Amino acid sequence: MFDVKIEQSVCSPKLVRGLGIIAKAAARAYGSGNIISMSTAGKIVCSDKMKNVIIGGCFGDPDAECVRQLISQKELPEDGLKTAVLLANECLQIGQTDGIDKQDFLDGIDSFLKTGAKKLQEIAKANSESLPGGGLYLLNICRPVIQDMQSTSECTTYRKFVCALEIPFLVLAKNAGKQAHEAFACVKAAAPTQFYSLKQFGLKDGHIPLTEHRDLWHMGIELQTGKIVDVMEIGITVPLNTALSVLETVRVILAVLCAVRSIL
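Note that the working numbering has the sequence shown beginning at 52, numbered continuously upward.
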């Protein structure tokens with residue numbers, strides 16, 4: 052999930068690697084209030100809020116430190132920063148390995164995130180301004196974003212970026228002791244109409260057509276117990292402003308890293 056493959060030139064390979072290291076640290080403590088930061092020797096050197104770690108610098112790796120310094124110069128949110136780092140890392144890997152032109156990558160990200168923000172606002176408006184937590188608010192915009200773009204030339208690129216929206220849910224599943232396929236299978240069993248495929252749009256058979264599936268996805272994983280629950284029923288929700296801030300922070304991180312011409 053977080054192995055960095057360096058083949059193309061959307062961004063400096065050193066920055067790709069550095070963001071990957073920070074994303075791994077974010078993933079280790081995803082779902083908790085803290086972020087665990089490690090040195091290159093694997094020693095835990097800090098346990099703190101993600102924003103404090105980004106500002107303070109505790110990664111002990113030159114590439115990660117370079118990324119940390121670049122993004123720490125921007126206004127970063129208190130909430131949702133780990134989620135933004137996970138998404139930005141996955142999107143950057145997609146752009147770096149798929150041969151996407153840098154400007155096309157940035158334009159595609161910008162359009163993708165704007166469409167995602169619009170869909171989040173629509174979902175929140177229809178559900179008393181609440182969004183399901185546990186990574187589900189991002190899964191909820193997978194289908195609408197694809198549907199919105201399926202008639203345009205950007206659809207192929209969008210499908211690749213939409214894969215990144217699964218990552219927070221899958222990281223939570225791993226931290227709760229479940230494999231990715233097990234997590235999807237458990238959620239699908241609890242709410243069979245919630246997903247139109249186990250991998251959203253990756254399976255050719257057994258999926259519900261986009262136009263026939265409108266349910267809000269709210270069955271997810273409770274991290275402490277690993278049980279499949281109705282996250283909204285037990286109060287695991289995300290404010291709309293936090294969700295929108297996550298998407299904007301992804302855009303900021305990627306824009307900052309892609310603006311760097313070279314790293315020696």
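Glycine included, C-beta positions come from ideal geometry on N, C-alpha and C.
The structure displayed is predicted, hence computed values, not measured ones.
Among the options, the one whose alpha carbon lies nearest that of residue i
{"i": "Asp114", "options": "Ile72, Ile86 and Phe212", "result": "Ile72"}
{"i": "Met283", "options": "Ile106, Ala175 and Ala234", "result": "Ala175"}
{"i": "Ala76", "options": "Ser123, Asn140 and Pro64", "result": "Asn140"}
{"i": "Ala78", "options": "Leu308, Val311 and Asn226", "result": "Asn226"}
{"i": "Gln144", "options": "Lys170, Arg68, Ser98 and Leu291", "result": "Arg68"}
{"i": "Gln124", "options": "Thr148, Ile151, Lys102 and Ala80", "result": "Lys102"}
{"i": "Lys278", "options": "Cys237, Ala242, Val311 and His269", "result": "Cys237"}
{"i": "Trp268", "options": "Ser63, Pro290, Asn178 and Met200", "result": "Asn178"}
{"i": "Gly228", "options": "Gln275, Asp112, Pro195 and Met200", "result": "Gln275"}
{"i": "Leu291", "options": "Glu173, Phe110 and Ile106", "result": "Glu173"}
{"i": "Cys142", "options": "Lys211, Ile285 and Glu233", "result": "Lys211"}
Check whether residue i and residue j have beta carbons under 7 Å apart
{"i": "Gly222", "j": "Cys193", "result": "Residue identity check: residue 222 is Val in the sequence provided, not Gly. Taking 7 Å as the Cβ cut-off, Val222 and Cys193 do not qualify as a contacting pair."}
{"i": "Leu190", "j": "Phe220", "result": "yes"}
{"i": "Val104", "j": "Ile122", "result": "no"}
{"i": "Ile272", "j": "Ala224", "result": "yes"}
{"i": "Ala294", "j": "Leu171", "result": "yes"}
{"i": "Ala231", "j": "Met270", "result": "no"}
{"i": "Leu127", "j": "Leu308", "result": "no"}
{"i": "Leu137", "j": "Ala74", "result": "yes"}
{"i": "Ser63", "j": "Val311", "result": "yes"}
{"i": "Val297", "j": "Ala135", "result": "yes"}
N-terminal and C-terminal residue of the beta strand (DSSP E) that residue i is part of
{"i": "Met270", "result": "Met270 to Ile272"}
{"i": "Asp281", "result": "Ile279 to Asp281"}
DSSP beta-bridge partners of residue i
{"i": "Leu182", "result": "Val289"}
{"i": "Ser60", "result": "DSSP lists no partner for Ser60."}
{"i": "Tyr188", "result": "Answer by DSSP bridge pairing: none, since Tyr188 is not bridged."}
{"i": "Ser98", "result": "Ile87"}
Where the alpha helix (DSSP H) through residue i begins and ends
{"i": "Val104", "result": "Met101 to Gly107"}
{"i": "Arg312", "result": "Taken as a continuous stretch (DSSP letters only), Arg312 belongs to no alpha helix (DSSP H), as it is neither H nor E."}
{"i": "Asn85", "result": "Premise fails: Asn85 is in no alpha helix (DSSP H) and is neither H nor E."}
{"i": "Gln172", "result": "Lys153 to Ala177"}
{"i": "Thr148", "result": "Leu132 to Thr148"}
{"i": "Cys117", "result": "Pro113 to Ser123"}
{"i": "Leu223", "result": "Ile218 to Asn226"}
{"i": "Gln198", "result": "Cys193 to Met200"}
{"i": "Ala236", "result": "Ala231 to Ala241"}
Inset, instruction - Please confirm if the region 166 to 174 is in contact with the region 138 to 158, defined as three or more CB-CB distances below 8 Å between the two stretches. - result: The region 166 to 174 vs the region 138 to 158: no contact.
Inset, instruction - Decide yes or no for the touch test of the region 121 to 132 against the region 215 to 230: beta carbon pairs closer than 8 Å, at least 3 of them. - result: no
Inset, instruction - Indicate whether the contact test is met: 3 or more Cβ pairs, each with one atom in the region 180 to 189 and one in the region 301 to 309, closer than 8 Å. - result: no
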